[in-house]
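Notes to accompany the following structure.
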Amino acid sequence: MKKLLIMMMSVFFLLNIVHFTVKADDDHDHKKYKYYKGDWGDDDDDDYDDDYDEDNEHYNNERTDNSKSITSQWYLWTRMAGTAKGELPFSEPQNMTFQNNSSKKQLSLYCIPMNGELFIPGKSVGEFLGAKASFYSASRILELNMNDTELIFRVDTNVSYENKIKTPIPARAMFFNEDVYLPISVVANGLGFSIKWDTEQQVIYFQEMNN
């Protein structure tokens, strides 16, 4: 009887620890969502192809006019919406080899070429480049922090908060294979890396821009 009582108390104690941990994660998640909810909202008003900010029509028109002569390459984040799409290095989803020229490390990840953009797992690539990455599952928000840069994305939206400034990204973030898939240019350029495609080696290189 005494052993049964001890076992029941142990189970109760463990359940309380799990509940506290999950609640703490949920609270953090909720705060992260609540902070940006006012701008992201729960509908599609974040779509830069339709509108940027109803209270800033002049900015929206100026952005659209300036983007007409710009071709958006898969390896460059122009931070502008509505640009023409360039060609991709390959057309079918596949595992690709990445190399961080700073650490000389390599990593193989599943990439998805789609609509003129090369989608990569944002959390995995962010960590590979040296960023601290956090994914908040309840609000479906990915946060990348590196040096003085903070990038925040939410699944199914085509905006980023770059150091708390609302900035367009060239395609909607999507949730796939337990990660937030984003255009490669947004993650790499946003964290201070340029991108180079080696056709012969079939390798994508990341190089720090300030080196």
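What the sequence shown shows, in mature numbering (1 follows the signal peptide of the UniProt record, and there is no 0), is residues -24 to -1, 1 to 187, in sequence order.
Idealized CB from N, CA, C, for every residue including glycine.
Just so it is clear, the structure is predicted and the values come from calculations on it, not from any experiment.
Look at the alpha carbon of residue i and the alpha carbon of residue j, and state the distance between them as a whole number of angstroms.
i      : j      : result
Gly58  : Pro146 : 8 Å
Trp50  : Leu120 : 20 Å
Lys108 : Gly166 : 13 Å
Ser170 : Ser100 : 17 Å
Asn91  : Ser67  : 10 Å
Asp174 : Ile88  : 18 Å
Ser84  : Leu158 : 16 Å
Arg130 : Gln178 : 30 Å
Leu52  : Glu63  : 12 Å
Gln82  : Lys142 : 32 Å
Ser110 : Arg55  : 23 Å
Ser113 : Asn77  : 31 Å
Helix, strand or coil: how does DSSP classify residue i here?
i           : result
Ala147      : coil
Leu52       : coil
Lys61       : strand
residue 190 : It is not possible to answer for residue 190, since the shown part of the chain is limited to -24 through 187.
Ser84       : strand
Phe74       : strand
Pro69       : coil
List the endpoints of the continuous beta strand (DSSP E) containing residue i.
i      : result
Val135 : Val135 to Glu138
Val179 : Val179 to Glu184
Thr175 : Careful: Thr175 lies outside any beta strand (DSSP E) and carries neither H nor E.
Ser110 : Lys108 to Tyr112
Glu119 : Ile117 to Met122
Which residue comes first and which comes last in the alpha helix (DSSP H) that contains residue i?
i      : result
Val131 : Val131 -> no alpha helix (DSSP H), and no H or E assigned at all.
Ala164 : Ile160 to Gly166
Glu103 : Gly98 to Phe104
Counting only the same chain and skipping the five closest in sequence on each side, list residues whose C-beta sits under 8 Å from that of residue i.
i      : result
Gly168 : Met122, Asn123, Thr125, Glu184, Met185 and Asn186
Going along the chain, which residues of its own chain have a beta-carbon closer than 7 Å to the beta-carbon of residue i, five neighbours each way excluded?
i     : result
Glu93 : Trp50, Pro146, Ala147 and Pro159
What does a CB cutoff of less than 6 Å around residue i pick up in its chain, not counting 5 residues either side in sequence?
i     : result
Gly98 : Leu118, Val156, Leu158 and Val163
Q | Meets three-Cβ-pair contact criterion under 8 Å: the segment 127 to 139 and the segment 161 to 180 | A | A contact exists between the segment 127 to 139 and the segment 161 to 180.
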